[in-house]
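Peer 1: Quick one: structure below, then a few questions.
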Amino acid sequence: MNMDTIIHGVRWNLGTTVLRRILSLLLLFALASWLTQSDFGIFRTYSLILAVITIIAVLGLDSNLITSKRYAKLNVFAFTQIGLITGILLSLLLTLSSSWLAKLYQSTELGLIIRWMSLFVLVEVLRKLLHSIAQVRLMFKEIALAETWNVVFYCLISFSVIYFYRHLWVYVLAYFLGNLVETIYLYVCLKPFPSLHLKRLLSLKWLKLSLKIMGMNRAFLTNVSIIRLINTYAGNAPILFLGTMVNPTLMGQYFFATQLIGVPVLMFTTAVGQVFYPVFAQNDRSNTIQNIKSYTRLTLSLGIPLLLMYYFGLSILVPILFKGKWDAALPLLLYLIPYFCSVMLNNPISGIPFICRKPSWELVWNIVTLGVCLLALLWGLRNGFGYAVLLFSFSSAFMNLVFYFMSLNLLGASLIPAIQSLISWGIGNVLLIMALIWVSSLPYPILYASLCFIVYLLSLYLFAKPVLRDVRRVFH
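Going left to right, the sequence shown walks through residues 8 to 483 as our numbering numbers them.
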């Protein structure tokens, strides 16, 4: 099961993720021309509020389902019953608090969207339930196809409607209808347990059993939920925190920048993370450590250099494509590179504390990270929004590295080789950055940047044989 399962899952996820990100990127470029910067900021604020509410509704039951080796069917039932109940209650709460949230984030339109589309919480709960079941069954192909149908659906709806009706609510509706399509597809493929019928879901007797399952895992579920809430807030603090202090236009610029620079990052972390978590949960620690080492080599040697090349191309193409409309977001693209480089290294192994059944370690890390990020944003805002994002990026990158080494320590791996690997590959990436800075002042910079990258790849071929082996294993 071990490496073959991982490679098969990564291959399916990576292939479909590339397709999804290309479609999403094309849609992003279209929407950036059709919608305003304020629209982008409002959409991102709404989607993050919904994400926070969904975390509360799920209550960590998805992680319990994946990592627990006992009571599989009861865990699925408890997830379904409790998730639906909390989802309905939180949808009502979201509707009632829509006016307050509109004032908090300085947007009347945000309040209207929250009020009329709060029931999407239920769709998100069911989507997470079916994702968790598919991950437990190691059905990575089905997950990849479900997510692909999601993106294809909402992109088609957006392209065909928003051009004629350039309103934010059309994009919001299309995006979450895509999530509904993904949920339905997974339900058809998985055919969940027969015990999930309506009579049992409405039964008070079975509700007591669900609550008993929660009581048995109370500490784990509480830690997981708090960790996710803090982690989501800390990772999106420039919108959730600063969004209460600055106008939606700046939030739109930040969202545009994160979407552009985050495309290749999500290709890596989504494809690998969905496979790593359930496989590592069923694996022994020595194999897990070896797999993390292989992924780290690929990230440091290819992932980060590709991200640098991608940024270099964006800095030249964005002013040409949008004729100055999004030039204000260009500095944010550069400022976010340290953050997304660390995300590539950290996110796919973010489930290690849960797998080791020590979520308290991650809870402490999350609390410290939240404090560091909020302080960085407050301190940076004195000198402007861009400077606040830069400090946030560096502080988040540092804390992500702390988490990476903490995860290795939990697995019992030696930290010295990991530090040496990070330093050696870091030197190579610094040399590539220096080369890109130099060619940026030359005529035809994209041509010379491409030549620099070819030289870098050639050096990998000559001096980094383990990297070549890792690449062959993925694409063999």
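Cβ atoms here follow ideal geometry from the backbone N, Cα and C, with glycine treated the same way. Just so we're clear, the structure is a prediction, and the values are computed from it rather than from any experiment.
Please classify Y342 as buried or exposed, where buried requires at least 16 other C-beta atoms within 10 Å of its C-beta.
Peer 2: As a position in the sequence shown, residue 342 is number 335, starting the count at 1. It counts as buried.
Peer 1: What do you reckon, are the CB atoms on L193 and A151 nearer than 9 Å?
Peer 2: Working through the sequence shown from its first residue, we reach residue 193 at position 186. Working through the sequence shown from its first residue, we reach residue 151 at position 144. No, they are not a contact pair.
Peer 1: Can you tell me whether L236 sits near the ligand SAM, meaning its C-beta is under 8 Å from at least one heavy atom of the ligand?
Peer 2: Ligands displayed in this structure: none; no statement on the ligand SAM is therefore possible.
Peer 1: Rank F361, P345 and N354 by C-alpha distance to the C-alpha of I299 and give the top, closest one.
Peer 2: To locate residue 299, count along the sequence shown from 1; it is residue 292. Among F361, P345 and N354, the Cα nearest to that of I299 belongs to N354.
Peer 1: Expressed to the nearest angstrom, what Euclidean distance is found between the alpha-carbon atoms of L163 and S31?
Peer 2: Translated into positions along the sequence shown, residue 163 becomes position 156. Translated into positions along the sequence shown, residue 31 becomes position 24. When rounded, the distance between both Cα atoms is 11 Å.
Peer 1: Note down, in chain order, each residue of its chain lying with its Cβ closer than 7 Å to the Cβ of I453, except the 5 sequence neighbours on either side.
Peer 2: As a first step, residue 453 must be located in the sequence shown, where it is residue number 446. G320 and I323, listed in sequence order.
Peer 1: Would you give the residue range spanned by the alpha helix (DSSP H) that Q88 belongs to?
Peer 2: In the sequence shown, counting from the first residue as 1, residue 88 sits at position 81. Taken as a continuous stretch (DSSP letters only), the alpha helix (DSSP H) holding Q88 covers A79 to L103.
Peer 1: Kindly indicate the opening and closing residues of the alpha helix (DSSP H) around N71.
Peer 2: For the purposes of this step, residue 71 is taken as residue 64 along the sequence shown, with counting starting at 1. From DSSP, the alpha helix (DSSP H) with N71 extends over L68 to T74.
Peer 1: Would you kindly report the start and end of the unbroken alpha helix (DSSP H) that includes K332?
Peer 2: On the sequence shown, residue 332 is found 325 positions in, with the first residue counted as 1. Element bounds for K332: n/a, residue is neither H nor E.
Peer 1: Which residue marks the beginning of the alpha helix (DSSP H) containing P424, and which one marks its end?
Peer 2: The residue you call residue 424 lines up with position 417 of the sequence shown. Where P424 is concerned, the enclosing alpha helix (DSSP H) stretches over L422 to V446.
Peer 1: If V379 sits next to M413, beta carbons under 8 Å apart, how far is it from one beta carbon to the other, in whole angstroms?
Peer 2: Here residue 379 is taken as the residue at index 372 of the sequence shown, counted from 1. Here residue 413 is taken as the residue at index 406 of the sequence shown, counted from 1. Going by Cβ atoms, the distance from V379 to M413 rounds to 15 Å, so no, they are not a contact pair.
Peer 1: Excluding five sequence neighbours on each side, which residues of the same chain lie with their C-beta closer than 8 Å to the C-beta of V478?
Peer 2: Start at 1 with the first residue of the sequence shown, and residue 478 comes out as number 471. Contacts found: L305 and L309.
Peer 1: T52 to L337, Cα distance in whole Å?
Peer 2: As a position in the sequence shown, residue 52 is number 45, starting the count at 1. As a position in the sequence shown, residue 337 is number 330, starting the count at 1. Approximately 21 Å between the Cα atoms of the pair.
Peer 1: Could you pull out every residue in the same chain whose Cβ sits closer than 8 Å to the Cβ of L236, ignoring the five residues on either side in sequence?
Peer 2: Position 229 of the sequence shown, counting from 1, holds the residue named residue 236. If we look at L236 and ignore the five residues flanking it on each side, its Cβ neighbours are V59, I62 and I63.
Peer 1: Using only the alpha-carbon positions, how far apart do V25 and V272 sit?
Peer 2: Counting from 1 along the sequence shown, the entry for residue 25 is found at position 18. Counting from 1 along the sequence shown, the entry for residue 272 is found at position 265. If I take the Cα positions, the gap works out to 11 Å.
Peer 1: Would Y463 be called buried (16 or more neighbouring beta carbons within 10 Å of its own) or exposed?
Peer 2: Within the sequence shown, residue 463 is the residue found at index 456, counting from 1. By the neighbour-count rule (16 or more Cβ atoms within 10 Å), Y463 is buried.
Peer 1: Do Q260 and Q113 have their C-beta atoms closer together than 9 Å?
Peer 2: Your numbering for residue 260 matches position 253 in the sequence shown. Your numbering for residue 113 matches position 106 in the sequence shown. Cβ atoms of Q260 and Q113: not closer than 9 Å.
Peer 1: I need the straight-line Cα distance from Y161 to A181, nearest angstrom please.
Peer 2: As a position in the sequence shown, residue 161 is number 154, starting the count at 1. As a position in the sequence shown, residue 181 is number 174, starting the count at 1. Cα to Cα, the separation comes out at about 5 Å.
Peer 1: Can you give the Cα-Cα distance for R292 and L418, rounded to whole angstroms?
Peer 2: For the purposes of this step, residue 292 is identified with residue 285 of the sequence shown, where counting begins at 1. For the purposes of this step, residue 418 is identified with residue 411 of the sequence shown, where counting begins at 1. When rounded, the distance between both Cα atoms is 6 Å.
Peer 1: Give a yes or no on whether the minimum CB-CB distance between F127 and chain D is below 9 Å.
Peer 2: Structure shown: chain D not included; a single protein chain is present.
Peer 1: Please state whether the Cβ-Cβ distance between L377 and L249 is less than 9 Å.
Peer 2: To locate residue 377, count along the sequence shown from 1; it is residue 370. To locate residue 249, count along the sequence shown from 1; it is residue 242. Not in contact: L377 and L249 (Cβ atoms no closer than 9 Å).
Peer 1: In this structure, does DSSP put A471 in helix, strand or coil?
Peer 2: Indexing the sequence shown from 1 puts residue 471 at position 464. The answer is coil: DSSP assigns A471 none of H, G, I, E or B.
Peer 1: Helix, strand or coil for C348, going by three-state DSSP, please let me know.
Peer 2: Translated into positions along the sequence shown, residue 348 becomes position 341. Helix at C348.
Peer 1: With N1 as the anchor, note down where its alpha helix (DSSP H) starts and where it stops.
Peer 2: With the chain covering 8 to 483 only, the question about residue 1 has no answer from this structure.
Peer 1: Check whether the Cβ atoms of C348 and I311 lie closer than 9 Å to each other.
Peer 2: Working through the sequence shown from its first residue, we reach residue 348 at position 341. Working through the sequence shown from its first residue, we reach residue 311 at position 304. Yes, they are a contact pair.
Peer 1: Let me know the alpha helix (DSSP H) ranges lying completely inside the stretch 197-255, each 4 residues or longer, listed in chain order.
Peer 2: Fully enclosed alpha helix (DSSP H) runs of 4 or longer: 205-208, 211-223, 225-242 and 244-247.
Peer 1: Could you have a look at I120 and say whether DSSP puts it in helix, strand or coil?
Peer 2: By one-based count along the sequence shown, residue 120 stands at place 113. Helix, per DSSP.
Peer 1: Please report how far the alpha carbon of L340 lies from the alpha carbon of L205, in whole angstroms.
Peer 2: Indexing the sequence shown from 1 puts residue 340 at position 333. Indexing the sequence shown from 1 puts residue 205 at position 198. Approximately 49 Å between the Cα atoms of the pair.
Peer 1: Give the single residue among L129, T155, L96 and I140 whose Cα lies nearest to the Cα of R27.
Peer 2: Against the sequence shown, residue 27 aligns to sequence position 20. Ranking the options by Cα distance to R27, first place goes to T155.
Peer 1: Can you tell me the Cβ-Cβ gap for F329 and S40, rounded? I've got them flagged as a contact below 8 Å.
Peer 2: For this step, residue 329 is matched to residue 322 along the sequence shown. For this step, residue 40 is matched to residue 33 along the sequence shown. 7 Å between Cβ atoms; contact.
Peer 1: What does the alpha-carbon distance come out to for the pair G222 and F50?
Peer 2: Against the sequence shown, residue 222 aligns to sequence position 215. Against the sequence shown, residue 50 aligns to sequence position 43. Distance between the alpha carbons of G222 and F50: 37 Å.
Peer 1: For the alpha helix (DSSP H) that Q142 lies in, which residues bound it at each end?
Peer 2: Counted from its first residue, the sequence shown places residue 142 at position 135. Residues F127 to V143.
Peer 1: Count the other C-beta atoms from every protein chain shown that fall within 10 angstroms of the C-beta of A226, then say buried if there are 16 or more, exposed otherwise.
Peer 2: As a working mapping, residue 226 is identified with position 219 in the sequence shown. Per the 10 Å Cβ criterion, exposed.
Peer 1: Could you tell me the alpha carbon to alpha carbon distance between L381 and G358, rounded to whole angstroms?
Peer 2: Against the sequence shown, residue 381 aligns to sequence position 374. Against the sequence shown, residue 358 aligns to sequence position 351. Computed Cα separation, rounded: 24 Å.
Peer 1: With a CB to CB cut of under 6 Å and the five nearest residues on each side skipped, what residues in its chain are close to M8?
Peer 2: In the sequence shown, the residue the question calls residue 8 occupies position 1. At M8, the pLDDT of 46 sits below 50, so the modelled position is not reliable and the matter cannot be decided from this model.
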